[in-house]
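Right, one structure below, let's go through it.
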Amino acid sequence: MVFQKVGKAIGKALASIVKFFRDLMFSQMRNIEQMKKDIAAGSIKEEWFRTPEFKQAAKELKETLKSSPETITEFIREIHTKLHGKLYDLVINLVMPEKELTEEEALKSARALTAYYIDFILFSFLVDIIAETVGLGQIEAVGRASQLFVTTFGFEAYAQAVLQPAIEQTLTEKLRHYWNAKFPVKLPSISDLVSGVVREFFVSKDEYVDIITKTGIPRADAERFYEMMRKPPKEFVEFCRKLGYSEKWAEMYWWNHWVIPTFEQARIFFFRQAMKAFLRSGLDRVQDALKRGVWKDAQEAFRFLQRLADLSPVFRQYWEELSWNLPTKIDSRWMFEWGIIGKKELKGLLLASGLHPEWVDKVADAYVRNQLRDELNRVRSILIREYRDGYIDKDDFIKRLRELGFAEHVIKASVEVAEEERRMDWINEQVKELDRLLMKGKIDFDKWEQEMRELGLAQDYITQKRAFLEKIKKIKEAE
1 MVFQKVGKAI GKALASIVKF FRDLMFSQMR NIEQMKKDIA AGSIKEEWFR TPEFKQAAKE
61 LKETLKSSPE TITEFIREIH TKLHGKLYDL VINLVMPEKE LTEEEALKSA RALTAYYIDF
121 ILFSFLVDII AETVGLGQIE AVGRASQLFV TTFGFEAYAQ AVLQPAIEQT LTEKLRHYWN
181 AKFPVKLPSI SDLVSGVVRE FFVSKDEYVD IITKTGIPRA DAERFYEMMR KPPKEFVEFC
241 RKLGYSEKWA EMYWWNHWVI PTFEQARIFF FRQAMKAFLR SGLDRVQDAL KRGVWKDAQE
301 AFRFLQRLAD LSPVFRQYWE ELSWNLPTKI DSRWMFEWGI IGKKELKGLL LASGLHPEWV
361 DKVADAYVRN QLRDELNRVR SILIREYRDG YIDKDDFIKR LRELGFAEHV IKASVEVAEE
421 ERRMDWINEQ VKELDRLLMK GKIDFDKWEQ EMRELGLAQD YITQKRAFLE KIKKIKEAE
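Quick note, the sequence shown lines up with residues 1 to 479 if you use my numbering.
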């Protein structure tokens, strides 16, 4: 909106300056020589300019031309300095405003700068002619100062930065829209055309209705859906024509914009249809229906959605098969644990879940052993006690653990546990005997403490236990 308003204002200003130069150069003065004569005669018109500053400058210049060359030179220097300063201020305020400009402020600034800049170019042109006509060489420096600004902020650069974007918005784009609408020859991209084919845009109404009625939708509804999806709003067609697309392609873009279910949503629909069939007739009937193709509506809908999703026809059968979920790993373990499936079926489920064949046997064996984990650990505990108490020797102990399937590091740890328990049992028996001898007076506390240290007991434990036994002995002696 801002560009259009600014462009309109600049366009009017540009038209005015073109008209001015045409009138000035061809209607009023005809040629430079005539212009020089008019200026020499003091014929400078205020209406040549559009801004108050330059109207006033033209008026003062007209009066000053009657004065001496020195006065004219000094006046032009002063007025150019003043006009230069105002022009720079306008440019700075527009390109580096102190605050964000509103639409009206931007429009006002653009109008002011455009009008002022046009007047500045004309005034500089007049100064050059005055310098040549009146013969004031001193004014050439002023003219060069004017040219410095024109070079820095030249009309060509100004036109590219300000006028060209405005004209692009107000004129070029509108003409482009006009010719696009009159001759809409633009073609959709390849990807858009592919989408149209995939979405069944190019089939006839009857063909499309036949396709979607196979999914279980009533024919009347299918026809109504077709018309609703096919016909875009009139405004949409008009905009597409302005972009260069005919009504046919507008219909295709409108047709393609409708959102279709995702593949996952199609799977859910497929499953829910299976659930409904199961609730109506039982699982056996559903499986029979699937085998006979009786369950057509859900299958056709699923296949139709696969086409709309642009899935390759080569793999659609795979997608249908993959749409079904297999038992999870935990389901597989439970079924195996309760004897619902055997080890062979368990391996098949592991393979179907994506487990590498190299690991199938190992994982299946782990399932089997894990199923008996508690029982096997109880057997291992019994064997540890048997080895500890001497009912079996070490070799037999290790052999039986291996037969149960325990890993070598578990067997090694079990041997260490049994032998450590045996050692602790023996030490405990010796400690009990030392305590008995001490309490009966067969040995004294020093002997008891020495024997305890030789058994490897910690000194802090020996000290604390000695204090405890001394108290017990005193109590017994007092009886």
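In this text, a Cβ means the ideal position worked out from N, Cα and C, and glycines have one as well.
Using the three-state DSSP reduction, which class does residue i fall into: helix, strand or coil?
i    : result
F468 : helix
D395 : helix
H356 : coil
L83  : helix
K368 : The amino acid at residue 368 is misidentified as Lys; the sequence shows Val. Looking at V368 - three-state DSSP - the assignment turns out to be helix.
I484 : Given a span of 1 to 479 for the chain in the structure shown, any question on residue 484 remains unanswerable.
K108 : helix
K99  : coil
E200 : coil
T262 : coil
G390 : coil
A478 : helix
S67  : coil
A131 : helix
L351 : helix
I44  : coil
T328 : coil
K62  : helix
A181 : helix
S195 : helix
R307 : helix
R380 : helix
L126 : helix
F49  : coil
L187 : coil
F302 : helix
F26  : Because F26 sits at a pLDDT of 43, beneath the cut-off of 50, its placement in the model cannot be relied upon, and the following sentence gives the value as read from the coordinates. Note: F26 maps to helix in three-state DSSP.
Quick check: residue i and residue j, are their CB atoms within less than 7 Å of each other?
i    : j    : result
L346 : A364 : yes
I462 : E470 : no
I384 : V417 : yes
F120 : L87  : yes
E223 : V209 : yes
M252 : F201 : yes
I260 : L308 : yes
F239 : A266 : no
R369 : G342 : no
I44  : K62  : yes
Y226 : K205 : yes
W57  : I79  : According to the sequence provided, residue 57 is Ala. The question's Trp does not apply to it. Going by C-beta atoms, A57 is nearer than 7 Å to I79.
Write down the C-beta distance between residue i and residue j rounded to the nearest angstrom, noting that I regard them as a contact closer than 8 Å.
i    : j    : result
F60  : F75  : A quick correction: the sequence has Glu, not Phe, at residue 60. Sure, about 7 Å apart at Cβ, within 8 Å.
F236 : W254 : 6 Å
S381 : L401 : The pair is not a contact, with the Cβ atoms about 11 Å apart (cut-off 8 Å).
R230 : P184 : No, R230 and P184 are not in contact; Cβ-Cβ is about 19 Å, not under 8 Å.
P327 : L349 : 6 Å
A115 : T51  : 5 Å
Q430 : L455 : 6 Å
K186 : Y117 : Not quite, the Cβ-Cβ distance comes to about 39 Å (not below 8 Å), so this is no contact.
E53  : L83  : 6 Å
A220 : P232 : A220 to P232, Cβ: 22 Å. No contact.
Q371 : F397 : Q371 to F397, Cβ: 24 Å. No contact.
R378 : E421 : That belief does not hold up - the Cβ atoms of R378 and E421 are roughly 17 Å apart, past 8 Å.
L434 : M452 : 7 Å
S109 : N93  : 7 Å
L243 : N180 : 6 Å
M439 : K473 : 6 Å
F445 : R466 : 6 Å
Would you check whether the ligand SAM has a heavy atom nearer than 6 Å to the C-beta of residue i?
i    : result
E416 : Annotation note on the ligand SAM: not contained in the displayed structure, which lists no ligands.
Could you pull out every unbroken beta strand (DSSP E) segment of at least 3 residues lying fully inside the region 213–257, listed in chain order? none
List, from N- to C-terminal side, the alpha helix (DSSP H) runs of 4 residues or more that fit wholly inside the region 405–475. 408–440, 445–454
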